[in-house]
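Here it is in structure tokens:
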């Protein structure tokens with residue numbers, strides 16, 4: 001029981017990189033702890049992106065090197081664990097078979113387990129390929145070294161791919177932001193152009209209105225004068241009609257001639273169908289053509 005507890009504690013304070021008890025332990029933001037020398041050496045090989053961030057060797061969560069903090073609690077546990085002397089009985093118990101109490105010295109290739117000589121002869125392992133531990137250990141040590149090298153290569157490949165993805169993200173971000181600024185600039189110019197054209201057209205209409213109103217006002221004044229002249233002539237005719245016979249005939253020819261020769265001055269007309277009328281362009285159609293041209297330019 002005591003040996004099991006010690007083994008569990010030892011696993012908790014073992015560095016995931018060197019697989020030894022932690023030395024000068026440093027903790028990351030993700031909660032994992034490493035030897036100071038191990039995580040420092042690992043940082044030099046695991047830079048992610050141009051920002052200089054690193055990733056945790058266990059969970060791959062990125063962290064800032066400046067956020068590494070000493071873990072004194074774990075350091076104290078390691079120190080006390082080193083001071084514990086494992087008794088020979090406990091050491092021997094670790095090397096004995098839990099089922100038969102015999103020494104563990106045989107390796108079963110099919111099950112990948114270390115067994116005792118009684119286990120080898122049991123029904124469970126009958127017909128399996130078995131070897132003495134010291135004979136088979138070099139072979140599996142080579143296999144594990146090969147696995148380790150392959151995994152390190154995969155790790156490096158993953159880190160390089162991660163760097164490429166981050167670089168591609170940065171490139172796309174810059175490109176799209178430039179295109180956003182370009183679109184905003186073009187539409188700002190378009191709005192300024194449309195505002196300018198609108199002011200021109202409004203100014204032309206106001207000028208035209210001023211000319212027309214001035215001409216019509218002059219025609220109105222003329223008509224007022226002519227109306228007054230006609231009113232005076234009507235008064236003269238009525239006075240002749242209402243007077244005596246002598247008054248009726250006195251200068252009658254002058255009155256008749258004036259009435260017959262009176263001609264009203266017609267006001268100046270402004271035919272609406274001959275005016276220049278502003279026709280707003282089909283802006284939606286123009287933008288549709290521009291968008292089609294923009295799509296074509298992507299393939300140039």
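Numbering (the UniProt record's numbering), first residue to last: 1 to 300.
The beta carbon of each residue, even a glycine, is placed where N, CA and C say it ideally should be.
Around the beta carbon of residue 57, 16 or more other beta carbons lie within 10 angstroms, which makes this residue buried. If you look at residue 193, you'll find it in the alpha helix (DSSP H) that goes 133-242.
When DSSP reads this structure, residue 114 sits in a beta bridge with 107. By the neighbour-count definition (other C-beta atoms within 10 Å, threshold 16), residue 193 is an exposed residue. Looking at the DSSP output, residue 55 sits in a beta bridge with 62. DSSP places residue 21 in the strand class (E or B) of the three-state scheme.
Annotated three-state conformation of residue 35 is strand, per DSSP.
Here DSSP, grouped into helix, strand and coil, assigns residue 262 to coil. In this structure residue 18 is in contact with residue 35, their Cβ atoms being roughly 6 Å apart against a cut-off of 8 Å.
The residues 17, 57, in chain order, have a CB closer than 7 Å to that of residue 42 in the same chain once the five nearest residues on each side in sequence are set aside. With 16 or more other CB atoms across the displayed protein chains lying within 10 angstroms of its CB, residue 55 is buried.
For the pair of segments examined, the segment 19-33 was found to touch the segment 62-78: the number of CB pairs separated by less than 8 Å reaches three. The DSSP-derived three-state label of residue 288 is helix. Within a 10 Å sphere around the beta-carbon of residue 253 sit fewer than 16 other beta-carbons, which makes this residue exposed.
Membership of residue 82 in the alpha helix (DSSP H) is indicated by the continuous run 72-83. Of all C-beta pairs linking the segment 95-115 to the segment 127-134, three or more are shorter than 8 Å, placing the two stretches in contact. Taking C-beta atoms under 8 Å as the contact rule, residue 237 and residue 259 qualify, at a distance of about 7 Å. In summary, residue 119 is buried, with 16 or more beta-carbon neighbours lying within 10 Å of its beta-carbon over all protein chains present.
Of all alpha-carbon atoms in 61, 255, 115, 205, the one lying nearest the alpha-carbon of residue 235 is that of 255. Just so you know, the alpha carbons of residue 125 and residue 114 end up roughly 11 Å apart. When the beta-carbon positions are compared, residue 268 and residue 215 come within less than 8 Å of each other. Spanning the alpha carbons of residue 121 and residue 111 requires a straight line of approximately 14 Å.
In this structure, residue 63 keeps its C-beta atom at 8 Å or more from the C-beta atom of residue 6. Across the structure, residue 173 and residue 159 are spaced so that their CA atoms are roughly 21 Å apart. Judged by their CB atoms, residue 230 and residue 202 are not nearer to each other than the 8 Å cut-off.
Across the set 67, 37, 40, the C-alpha of 67 shows the shortest separation from the C-alpha of residue 31. Residue range 245-249 is occupied by the alpha helix (DSSP H) that includes residue 245.
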